[in-house]
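Residue numbers (the working numbering), protein chains in the order written: chain C, 1 to 567; chain R, 1 to 164. What follows is a short report on a single structure.
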Amino acid sequence: MSKRITIDPITRIEGHLRIDCEVNNGKVSKAWASGQMWRGVEQILLGHDARDAWAITQRICGVCTTVHAITSVRAVENALQMEIPLNAQYIRNLIITAHAIHDHIVHFYHLSALDWVDVTSALKADPGKTAALASGLSSWSGNSKQEFTKVKERLAGFVGTGQLGIFTNGYWGHPAMKLPPEVNLLATTHYLQALEIQRYASKIVSILGSKSPHIQNMAVGGVSNPIALDSQSVLTVERLMAVKEWIDKLNDFIKNVYLVDVAAIGAFYADWTAIGAGVTDYLSVPDLPLDTKGTKFALPGGFLKGGDLAGIKPIKTFNDKYFRDGVQESVKHSWYKGGKGALHPFKGETVPNYTDFQDDGKYSWVKSPTFYGNPAQVGPLSRVLAMAAQGHAPTLKYLTGVLDTAGSLAKTKIPLAAVHSTIGRHAARAVSCAVQVDELANQWNLLVTNIGKGDTDTFNKPVFPKGEVSGVGFHEAPRGVLSHWVVIDDGKITNYQAVVPTTWNAAPRNEGDVPGPYEASLLNTPVADEERPLEVLRTVHSFDPCLACAVHVLDAEGQPVVQVKAL
Amino acid sequence: MTRIVVLGVGNTLLSDEGIGVRAIEQLQQDYDLPPEVVVIDGGTTGMEMLDDLSNADHIIIVDAVRSGKAPAAIVKLVDEQVPVFFKTKLSPHQIGLSDVLATLEFIGEQPGGVTVIGVEPVSLETSMSLSPQVEARLPEVVEMVVAELRQLGVAIGSSVPEAA
Numbered sequence: 001m002s003k004r005i006t007i008d009p010i011t012r013i014e015g016h017l018r019i020d021c022e023v024n025n026g027k028v029s030k031a032w033a034s035g036q037m038w039r040g041v042e043q044i045l046l047g048h049d050a051r052d053a054w055a056i057t058q059r060i061c062g063v064c065t066t067v068h069a070i071t072s073v074r075a076v077e078n079a080l081q082m083e084i085p086l087n088a089q090y091i092r093n094l095i096i097t098a099h100a101i102h103d104h105i106v107h108f109y110h111l112s113a114l115d116w117v118d119v120t121s122a123l124k125a126d127p128g129k130t131a132a133l134a135s136g137l138s139s140w141s142g143n144s145k146q147e148f149t150k151v152k153e154r155l156a157g158f159v160g161t162g163q164l165g166i167f168t169n170g171y172w173g174h175p176a177m178k179l180p181p182e183v184n185l186l187a188t189t190h191y192l193q194a195l196e197i198q199r200y201a202s203k204i205v206s207i208l209g210s211k212s213p214h215i216q217n218m219a220v221g222g223v224s225n226p227i228a229l230d231s232q233s234v235l236t237v238e239r240l241m242a243v244k245e246w247i248d249k250l251n252d253f254i255k256n257v258y259l260v261d262v263a264a265i266g267a268f269y270a271d272w273t274a275i276g277a278g279v280t281d282y283l284s285v286p287d288l289p290l291d292t293k294g295t296k297f298a299l300p301g302g303f304l305k306g307g308d309l310a311g312i313k314p315i316k317t318f319n320d321k322y323f324r325d326g327v328q329e330s331v332k333h334s335w336y337k338g339g340k341g342a343l344h345p346f347k348g349e350t351v352p353n354y355t356d357f358q359d360d361g362k363y364s365w366v367k368s369p370t371f372y373g374n375p376a377q378v379g380p381l382s383r384v385l386a387m388a389a390q391g392h393a394p395t396l397k398y399l400t401g402v403l404d405t406a407g408s409l410a411k412t413k414i415p416l417a418a419v420h421s422t423i424g425r426h427a428a429r430a431v432s433c434a435v436q437v438d439e440l441a442n443q444w445n446l447l448v449t450n451i452g453k454g455d456t457d458t459f460n461k462p463v464f465p466k467g468e469v470s471g472v473g474f475h476e477a478p479r480g481v482l483s484h485w486v487v488i489d490d491g492k493i494t495n496y497q498a499v500v501p502t503t504w505n506a507a508p509r510n511e512g513d514v515p516g517p518y519e520a521s522l523l524n525t526p527v528a529d530e531e532r533p534l535e536v537l538r539t540v541h542s543f544d545p546c547l548a549c550a551v552h553v554l555d556a557e558g559q560p561v562v563q564v565k566a567l
Numbered sequence: 001m002t003r004i005v006v007l008g009v010g011n012t013l014l015s016d017e018g019i020g021v022r023a024i025e026q027l028q029q030d031y032d033l034p035p036e037v038v039v040i041d042g043g044t045t046g047m048e049m050l051d052d053l054s055n056a057d058h059i060i061i062v063d064a065v066r067s068g069k070a071p072a073a074i075v076k077l078v079d080e081q082v083p084v085f086f087k088t089k090l091s092p093h094q095i096g097l098s099d100v101l102a103t104l105e106f107i108g109e110q111p112g113g114v115t116v117i118g119v120e121p122v123s124l125e126t127s128m129s130l131s132p133q134v135e136a137r138l139p140e141v142v143e144m145v146v147a148e149l150r151q152l153g154v155a156i157g158s159s160v161p162e163a164a
């Protein structure tokens with residue numbers, strides 16, 4: 001008999017992701033992903049000066065402020081076919097990588113690790129044995145018996161008060177929790193250490209972006225950071241040296257803790273390498289431009305059909321025709337007026353048409369993007385595969401390292417194909433993070449070297465022609481390909497469409513009724529307990545969903561915020 | 001040195017949802033604040049705020065609040081009345097302000113006190129302007145923040161007169 005599970009996190013963050021699953025014989029047989037809020041920001045932008053769009057778009061989402069700012073200026077610059085000074089590219093690249101690192105660390109440790117780590121089980125761990133286990137895995141200075149003892153005591157004190165605070169609502173004691181107490185203590189300790197470490201990534205964004213959480217330094221044509229090495233309140237040597245120090249701390253944590261943890265946790269959940277693949281057409285774009293025109297990039301991107309590395313189709317420049325022509329969005333199953341088939345973003349329309357939740361009709365505020373007619377998965381796994389396919393050496397090194405470490409712990413050889421999975425998305429995110437921190441150091445060197453040559457340019461003034469121009473800006477954001485599509489007439493915006501990573505992944509069925517990546521990845525996921533569908537959450541969380549691009553109303557009545565209904 | 005944080009949160013693209021951010025913008029425009037007062041536009045972010053909020057002597061949060069009161073009503077919640085500390089985890093995949101506060105509590109860097117000054121939203125439509133009803137309450141919200149700051153011992157002069 002089939003059972004329907006609806007997971008609809010009703011939070012003060014209105015407008016969210018709802019997942020519906022039909023479960024047959026303990027496995028998901030059908031799934032629907034539904035965005036529960038209309039993101040009508042595109043309408044707000046109409047009529048605005050194209051130079052102001054970035055500041056407005058960075059309010060779309062609370063998690064991804066900087067990525068919208070950067071993508072927006074790229075879209076307008078693309079419409080004007082502008083060149084951007086090298087310093088501005090490097091400063092943007094530093095912000096991009098620091099933000100990505102922040103996002104990945106917080107996602108793994110603070111948002112998704114608790115799907116796999118049972119914090120309450122850590123109370124049963126022996127700190128001495130935990131230290132012994134940890135010393136065999138890494139040389140991280142925070143892996144001492146004293147540290148583990150301290151964390152265990154703090155945790156015990158917290159649990160003793162009956163207030164789990166941040167750990168409330170975990171699926172403690174769930175049958176799908178498999179880690180031994182020592183590994184749980186190790187991961188919980190790193191959860192706390194990650195809270196400290198993530199601050200350094202925020203500080204870098206803050207210093208370079210002139211302000212955090214919303215950066216202030218973006219501009220169509222470059223950045224507004226004046227470079228004057230001997231002056232206060234601008235980008236000085238002192239500030240650049242502080243940034244370097246923080247990069248080193250991030251590097252130590254990512255290489256000696258994050259990469260190791262993901263391999264160790266993965267080894268205990270090896271069965272999850274066979275769950276959650278879903279759509280294996282992967283799309284990513286190149287990022288971290290190294291020239292003024294956006295034709296050379298530090299990190300490659302491209303499209304992989306069916307996960308086939310040999311068949312990689314690279315995306316090469318900011319003017320890449322293959323990317324620009326391939327994207328369409330369908331609203332057949334989305335709450336918008338449609339009937340025109342899938343539309344290219346330059347022609348995109350965002351006119352709401354709410355029905356209610358119709359299994360075979362409209363059921364989501366998310367549109368359904370396709371690449372040459374098919375759904376595509378985006379995110380760290382997509383970019384890691386595209387980089388590996390193009391022989392990017394650091395990617396190959398970290399990817400092999402994670403697979404080997406997990407394999408040696410699980411006492412089996414783990415093939416590359418294992419990454420097409422729920423746990424594989426976590427592994428790829430860690431690999432991507434390691435690549436990003438190397439690039440953070442590299443971009444810092446490039447900036448300092450370029451300034452050392454006497455180049456202090458950071459901005460080229462944009463000039464808007466009479467009449468209509470259009471452009472696309474893309475960015476390989478933490479959650480994957482983000483593109484902004486803008487049509488400008490006499491400097492004013494006449495159409496604006498943002499195709500965000502979560503739109504790709506959380507897409508409802510498309511024009512041909514083909515399910516999107518979340519929906520496809522949930523098929524055959526085992527569900528041990530329909531009342532506590534942890535397994536479904538694991539797979540959805542592995543994509544790092546970001547649908548909460550919005551509302552923030554404090555609920556003074558203290559409503560329950562997560563409702564899981566087993567219908 | 002004492003450090004008091006005035007934090008405006010909310011989404012400025014969704015009408016009254018942005019009241020917190022609008023209020024702190026107005027506050028900074030109208031008053032010269034002493035250096036011990038740190039004003040932050042938190043928008044809808046989460047963990048990025050951890051550093052700014054850690055070990056504060058007091059945090060004044062301005063936000064849209066669903067209190068079940070009349071539209072555009074202003075509510076003030078103090079310390080244990082603030083539900084953020086007691087709520088179940090907000091969302092499995094989003095860290096919001098309450099998670100940040102809960103985290104500060106867990107790592108022992110919680111603020112000495114928390115005041116929420118909230119406004120019941122009238123409209124959450126997609127728009128960059130406040131609804132007229134909430135807009136009309138804006139000066140009052142700012143005054144309440146100032147009164148709260150004074151009560152905390154902060155010396156603040158009268159509002160800076162608008163340029164003629």
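Think of the CB as a built atom: it goes at the ideal place given N, C-alpha and C, for glycine as much as any other residue.
Contact defined as beta carbons within less than 8 Å: I believe P345 of chain C pairs with A507 of chain C. What is the distance between those atoms, to the nearest angstrom? About 14 Å; that fails the 8 Å criterion.
Beta carbon proximity, E80 of chain R to chain C, threshold 7 Å: Not one chain C Cβ lies under 7 Å of E80 of chain R.
What is the C-beta distance between Y372 of chain C and S34 of chain C, in whole angstroms, given that I count them as a contact (C-beta under 8 Å)? The Cβ separation is near 25 Å, so there is no contact.
So, with DSSP's three-state summary, where would you put K332 of chain C? coil
Using the beta-carbon of each residue, which ones in chain C are nearer than 8 Å to I107 of chain R? L192 and L195
If the cut is a Cβ gap below 8 Å, which residues of chain C does S127 of chain R touch? I44
Proximity to M49 of chain R [Cα-Cα], best of C:C21, C:G142, C:L235 and C:E196: C:E196
Cutting at 6 Å between CB atoms, please list the residues of its own chain near I204 of chain C, excluding the five before and the five after it. When the five nearest sequence neighbours on each side are left out, the beta carbons in the same chain lying within less than 6 Å of the beta carbon of I204 of chain C are those of A98, V243 and W246, in order along the chain.
Alpha carbons only, please: which of C:A388, C:D360, C:E530 and C:G348 is nearest the one belonging to G311 of chain C? C:A388
Please state whether DSSP places W485 of chain C in a helix, a strand or coil. strand
For chain D, check one thing: does any of its Cβ atoms lie closer than 7 Å to the Cβ of L27 of chain R? Among the protein chains of the structure shown, namely C and R, there is no chain D.
Kindly indicate if chain C contains any beta-carbon less than 7 Å away from that of E148 of chain R. E148 of chain R does not count as touching chain C.
Going along chain C, which residues have a C-beta under 7 Å from L130 of chain R? By Cβ distance, chain C contributes nothing, its closest Cβ being about 14 Å from L130 of chain R, past 7 Å.
Using a cut-off of 7 Å between C-beta atoms, extract the partners of T12 of chain R located in chain C. R59
Please go through the same chain and pick out, in chain order, the residues whose beta-carbon is closer than 7 Å to the beta-carbon of I227 of chain C, but skip the five residues on each side of it. Sequence-distant partners of I227 of chain C (beyond 5 residues in either direction) whose C-beta falls short of 7 Å from its own C-beta, in its chain, are N87, V234, L235, I451, T456 and T458.
Quick check: the Cα distance between Q559 of chain C and V82 of chain R, rounded to an integer number of angstroms? Confidence is the limiting factor: at Q559 of chain C the pLDDT is only 37, short of 50, which leaves the residue's position unreliable and the question unanswerable from this model.
Spell out whether any CB of chain R is found under 7 Å from the CB atom of S224 of chain C. no
Rounded to a whole number of angstroms, what is the C-alpha to C-alpha distance between K313 of chain C and T188 of chain C? 41 Å
Element boundaries [beta strand (DSSP E), containing E476 of chain C]: E468 to A477
By Cβ distance below 8 Å, which residues in the same chain neighbour K453 of chain C in space, the five residues on each side in sequence not counted? none
Is E531 of chain C helix, strand or coil when you go by DSSP? Three-state DSSP puts E531 of chain C in coil, outside helix and strand.
Taking only beta-carbon atoms, is V41 of chain C less than 7 Å away from chain R? Answer yes: the Cβ-Cβ gap between V41 of chain C and chain R drops below 7 Å somewhere.
From which residue to which residue does the beta strand (DSSP E) around N495 of chain C run? K492 to V499
Contact check, A100 of chain C vs Q436 of chain C, beta carbons under 7 Å: With a cutoff of 7 Å on beta-carbon distance, A100 of chain C and Q436 of chain C are scored as near each other.
Using a Cβ-Cβ cut-off of less than 7 Å, list which residues of the stretch 31-65 of chain R approach chain C; keep chain order. D41, G42, G43, T44, T45, G46, M47, E48, M49, L50, D51, D63, A64 and V65
Just list the beta strand (DSSP E) runs in the stretch 42-85 of chain C, keeping only unbroken ones of 3 residues or longer that don't cross its boundaries, in chain order. none
What three-state label does DSSP hand T103 of chain R in the structure shown? helix
So, at 7 Å on beta carbons, what are the nonlocal neighbours of A79 of chain C in its own chain, with the 5 sequence-adjacent residues on each side left out? V469, S470, G471, V486 and I488
The stretch 173-192 of chain C in contact with the stretch 118-125 of chain C per 3-pair CB rule at 8 Å: Between the stretch 173-192 of chain C and the stretch 118-125 of chain C there are three or more C-beta pairs closer than 8 Å, enough to call the two in contact.
CB V116 of chain R to CB L77 of chain R, shorter than 7 Å? yes
Taking 8 Å as the cut-off, does the stretch 258-268 of chain C touch the stretch 397-405 of chain C (at least 3 CB pairs, one atom from each stretch)? Yes, the stretch 397-405 of chain C touches the stretch 258-268 of chain C.
Limits of the unbroken alpha helix (DSSP H) element including W246 of chain C: Unbroken alpha helix (DSSP H) run through W246 of chain C: V237 to F253.
Those runs of the beta strand (DSSP E) which lie wholly inside the stretch 315-374 of chain C and span at least 3 residues: 327-330 and 368-371
Taking S202 of chain C as the query, report the chain R residues whose CB atoms sit under 8 Å from its CB, ordered along the chain. M47, E48, L50 and D51
Here's the rule I'm using: 16 or more other beta-carbon atoms within 10 Å means buried, otherwise exposed. How should P132 of chain R be labelled? exposed
Can you grab the Cα-Cα spacing for the pair F106 of chain R / R154 of chain C, in whole Å? 9 Å
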